[in-house]
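Protein chains in written order, with the working numbering: chain A, 336 to 628; chain B, 6 to 350; chain C, 478 to 1006.
If you want it as structure tokens, here you go:
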């Protein structure tokens, strides 16, 4: 083995690890609970993604048929402005899932960067970064997010920033802990010894090994992000009309709770189902990770 | 890490003192170390809050000036309230005021925010405290039960219900409860805390039922999961095996040994729940029009009432820090292993 | 025994005890009421409770009777205080209240008011002309925020007391609107209660002593305002001993409270009516002479073509339908005056929807991708529907509207050029005499939310007030409506009927009389059946 090859390629171990992790993941998946949860999730996501294919306009007002109960023409009935509720639920699902994913990516991204930097740099930088983490942890989450939404205009971008910007701390901690333990491994110390730059080492060697932990953190983040978006939209600081999201549909459904309870039941049930399935999958991933340790 | 066997460290701050490298083995030393971390953090939070307030498009004088006052009068007011002073001077003045209980005035009602908070905090506590305690008792009971019967039907039922409840949006549950108990069965009143003019306990209890139910269901699953995983972790410990070898039956092991280890970290959970007493029921209070701090904050956000928003934010952040502090100290006090050994942590 | 468990049990008991203690804000132990089941407590019973509970949507913005201008502030004032005379907003008839007679001199410059004798304040002191003079002089102070009606052409109307029971108003110049301007919405407050130097420019007064059938008992901000019978009332004592205005901001909560009987009356919106059919509640729609509109903060949208483009994009019929559902609930409006108003004219630019014209005006305006912000009250169901339609219709011609839900948006738009909001949903009730509308559209008007100034409009208002014949007044006010429509700063939607739902156990509704703004002309005439 020449020293130059070590500089150019990631450690062979990582590829093996990824393969075995994948196998363990599939093994953990093959339980009745996990299979039904993933099937349900696929169905829900599939339906929301199919929204444009149904050819119904979610914003089309129809003031002659406002607040109609479910019928053959409108499967979920219409809302207070005559818009078809079925298609609004589908489009709303797209927004909710998209926001959940984007917020998770943002939060996880920040968390990974901070965690790697903290675990792999000098104690001084580590201390500073962890101090920043402590600070963010001291902020009451929901209140802080509402304050930020006051300062920025409500919308998808704001929610992603708010939710992502206040959910990275736990990922950072986990990644830092993983980094601290991984950096003691022989091949990592060797890479540092032969002069490979820290950033490169972190990226090529440490990150792949920390991936299972990151995946677990990320997948549990998604359900948290979706719940956060729903909460914000329900309080009126999230997705703004005429755009729909499940949380926002719930907020509007409050007004007709007595006559048309299904307007509230449907989006809420979908949020619950999606988050439940995501949590099951998170557990599967966690089991796969723990099985390898 | 020595403390890691019981699960997570009491709070994320255990390592704080270690990071600063301040050593010491006494209880007072420990408290001192904690304060040395908490107080600067409180100051930092207050600084950030004030910096945000400074940026917001409003001034202190907006609480009592009118838009059609002439320029000179407005300028005079600005001078009088020191709005042209340097930033740090203004911060110092504001902080001084806050420490003396002056939180400023609402832009909308022009009322003293401190007065409003003094009225509303007990309202929030009277809603959150019973809900949290009930959830805690249920969580401890069912969590221990689930952990003891791991893998068996009892555990599966409890664990699955936990997973379902965690996935359920609390505001959705609130709407369902309101619909079912309030509209359909017409059992409970759904506005506020009292019927007008009535201050008796029965009336209060009727108003309390639905929001309390919603909050209890919101608090319960996380606590239950925590207790359950803690129990399972404890059951794998050596001392349990030793006890079994000595012939102690399951009940004895549980009551005398395991539960103690499981319940100890709960104390820290209580400390972390301190901020919840004040702002943890934001959504519930809004839906049921419960006149607490959560609703006060939500209304302020809807009317862009910045002073109220920032005051509640500051209060809540301070409670988070104080709660963590109390959690750490009480854990140390309560855990005889840590206290007697006087370990570094 | 496990000490941890004991500690937890102790904490629990303590928690429950604390709960019991904190339940009573008035201090003292809570006394448990005689056993009643939940069902009987919430079902409307035929037994009299001695209290009429009326749900209102928010705290009064100002309880200062001198300058209050919001619905609940005026409702409050109308319960506690009395006016010299009342002018009915829809019929225009003048009814005497505190006044025994009102005489106008032949040149119209002197009005002499004789008070009824023997009227007492709720604290037992006599109501005299000194109180009337004090009230009007306080109101005439411009800084107190409501002086418009008492100044004609820069000169204040003089008010003097001729004797204990006679007051004289001297107008500097003729004003046809004088009588309605002078006696409407001026609630007489007692002089003896307020020390010299009391500030009347704010939203509160140090105490509230009035002469009407009810007097203020307790005001718990954000929760309720409680009134009890004024034993010194000069008229028939109210039949119901207690009057409570319960503050409930959430419309759904109000609806549920109506159904359970927790409140006896509340305003509802058309969308909620179907939910109330199975409850012992009757809905009464009644006209208020209101105009619902879309207003423009002029300094924020200075491009006239863009404003006109927006107005041509809108269809008021659709907006009204979305908000009020049934055409029986509203009448479309085209000018600043409600359609039922005798002075309203339809000879103005009505901005009937014309999408093509709107699109070409957008192009002519020179603004690429126009974006405007629209402020409204997020908790108002009708406003939500209105803005949804407006947003869709504007988008159809290329104008993007960004919704800004802000329950306190009037404070924001009053900033004029510094406002974050460009357009807003509004509604007002200004009564019959068109001169009153000057407060909204004159460049120096107290309620000029539009930050609008047009010298020709100001001149027309002045001409209308000074005109001596109806024909001249018509000319002047037609001009006002035409100019304002041309300037495209105000888009009238409709005059929507106000709908109040009242529990069937309450009687005397016709005697109490449903009126605009105040809800009931006289709450004291309500009875429990």
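Glycine included, every Cβ here is placed at the ideal spot set by N, Cα and C.
Check	Outcome
Measure the alpha-carbon distance for residue 960(C) versus residue 813(C) and round it to whole angstroms.	11 Å
Check for me: the beta strand (DSSP E) holding residue 725(C) runs from which residue to which?	Segment: none, residue 725(C) is in no beta strand (DSSP E) and carries neither H nor E.
Measuring straight from C-alpha to C-alpha, what distance separates residue 513(A) and residue 503(A)?	15 Å
Mind listing which residues of the stretch 787-805 of chain C have their C-beta closer than 8 Å to chain F's C-betas, in chain order?	This model lacks chain F altogether; the protein chains it does include are A, B and C.
Are the beta-carbon atoms belonging to residue 968(C) and residue 844(C) less than 8 Å from one another?	no
Could you check whether the Cβ of residue 507(C) sits closer than 8 Å to any Cβ belonging to chain B?	Per-residue confidence for residue 507(C) stands at a pLDDT of 26, beneath the threshold of 50, marking its modelled position as unreliable; the derived number appears in the next sentence. Yes - at least one Cβ of chain B is within 8 Å of the one on residue 507(C).
Once the 5 residues before and after residue 306(B) are set aside, which same chain residues still bring their CB inside 7 Å of it?	314
Within 10 Å of its beta-carbon, does residue 185(B) have 16 or more other beta-carbons around it, so buried, or fewer, so exposed?	exposed
Beta-carbon within less than 7 Å of residue 404(A)'s beta-carbon, same chain only, minus the 5 sequence neighbours each way: which residues are those?	412, 595
One question on the structure: do residue 665(C) and residue 688(C) come within less than 8 Å of each other, judged by their Cβ atoms?	yes
Would you mind stating whether residue 733(C) and residue 105(B) have Cβ atoms separated by less than 8 Å?	no
For residue 615(C), which option in 603(C), 633(C), 629(C), 598(C) has the closest C-alpha, if you only look at C-alpha atoms?	633(C)
Can you look up residue 191(B) in the DSSP assignment and give me helix, strand or coil?	coil
Grouping DSSP H, G and I as helix and E and B as strand, with all else coil, what is residue 857(C)?	coil
The beta strand (DSSP E) that contains residue 715(C), what's its start and end?	Segment: none, residue 715(C) is in no beta strand (DSSP E) and carries neither H nor E.
Ignore the nearest five residues each way along the sequence and tell me which others in residue 854(C)'s own chain have a CB closer than 6 Å to its CB.	860, 884
Contact between the stretch 773-782 of chain C and the stretch 880-897 of chain C is defined here as three or more beta-carbon pairs at a separation below 8 Å; is this criterion met?	yes
Under DSSP, the alpha helix (DSSP H) around residue 605(A) begins and ends at which residues?	597-626
Kindly indicate the opening and closing residues of the beta strand (DSSP E) around residue 882(C).	877-882
Is residue 855(C) close to chain B? Criterion is C-beta to C-beta, closer than 8 Å.	yes
Does the count of Cβ pairs from the stretch 724-732 of chain C and the stretch 291-311 of chain B closer than 8 Å reach three?	yes
Starting from the Cα of residue 940(C), find the closest Cα among 912(C), 924(C), 993(C) and give me that residue.	912(C)
Taking the alpha-carbon of residue 764(C) as reference, which of 528(C), 976(C), 538(C) has the nearest alpha-carbon?	976(C)
If you reduce the DSSP assignment to three classes, tell me which class residue 995(C) lands in.	coil
Taking buried to mean at least 16 other C-beta atoms within 10 Å of its own C-beta, is residue 251(B) buried or exposed?	exposed
Mind checking whether residue 123(B) and residue 282(B) have CB atoms under 8 Å apart?	no
Report the start-end ranges of each alpha helix (DSSP H) in the stretch 941-981 of chain C that is 4 residues or longer and not cut off at the edges.	947-964
Verify the CB distance criterion: does residue 733(C) have a CB-CB separation below 8 Å to chain B?	yes
Spell out whether any CB of chain C is found under 8 Å from the CB atom of residue 593(A).	yes
So, are the CB atoms of residue 963(C) and residue 841(C) less than 8 Å apart?	no
Between the stretch 610-623 of chain A and chain B, which residues of the former have a C-beta closer than 7 Å to a C-beta of the latter?	610, 611, 614
Alpha carbon to alpha carbon, how far is residue 509(A) from residue 900(C)? Give it in angstroms, no decimals.	49 Å
Does the stretch 326-339 of chain B come into contact with the stretch 267-287 of chain B, if we say contact requires no fewer than three beta-carbon pairs (one atom in each stretch) closer than 8 Å?	yes
Here's a check: name, in chain order, each residue in its chain whose Cβ is nearer than 6 Å to the Cβ of residue 580(C), leaving out the five neighbours to either side.	589
Determine whether the beta carbon atoms of residue 564(A) and residue 483(A) lie at a separation below 8 Å.	no
Name the DSSP bridge partner or partners of residue 572(C)?	563(C)
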